[in-house]
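Presented below is the structure to which this report refers.
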């Protein structure tokens, strides 16, 4: 079974470009992680301050490694998360 993460990040007004830049930097590095199966971010055209991230990892430990990575520390915790008005995450396991 794979470990699935669905996240929503909502940027503070005027901070959309900061969040977008962080996501653009995170995406290729995150996709190259050993336990990553899929990593895709989306921006809502109707609400450009809202970003959705859909991630699939081999298991929960691979996700924990992602969160502990140098690149997530720098671009996630260091750049994007400080300028978010809202951050939500949901976690799932695949079936079958």
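Numbering (the working numbering), first residue to last: -6 to 89.
We put the CB at the ideal spot given by N, CA and C, even for glycine.
Predicted model only: the values in this text are computed from it and were never measured.
Compute the distance between the beta-carbons of residue i and residue j, then report whether it is under 8 Å.
i          : j          : result
residue 30 : residue 51 : yes
residue 48 : residue -2 : yes
residue 46 : residue -5 : no
residue 12 : residue 79 : no
residue 19 : residue 68 : yes
Have a look at residue i and residue j and give me their C-alpha separation to the nearest angstrom.
i          : j          : result
residue 25 : residue 7  : 30 Å
residue 38 : residue 61 : 31 Å
residue 58 : residue 66 : 11 Å
residue 43 : residue 89 : 32 Å
residue 82 : residue 41 : 19 Å
Reducing DSSP to helix, strand and coil, say where residue i ends up.
i          : result
residue 37 : strand
residue 23 : helix
residue 88 : coil
residue -5 : coil
Within its chain, find whatever has a CB closer than 6 Å to the CB of residue i; leave out the 5 residues flanking it on each side and keep chain order.
i          : result
residue 72 : 15
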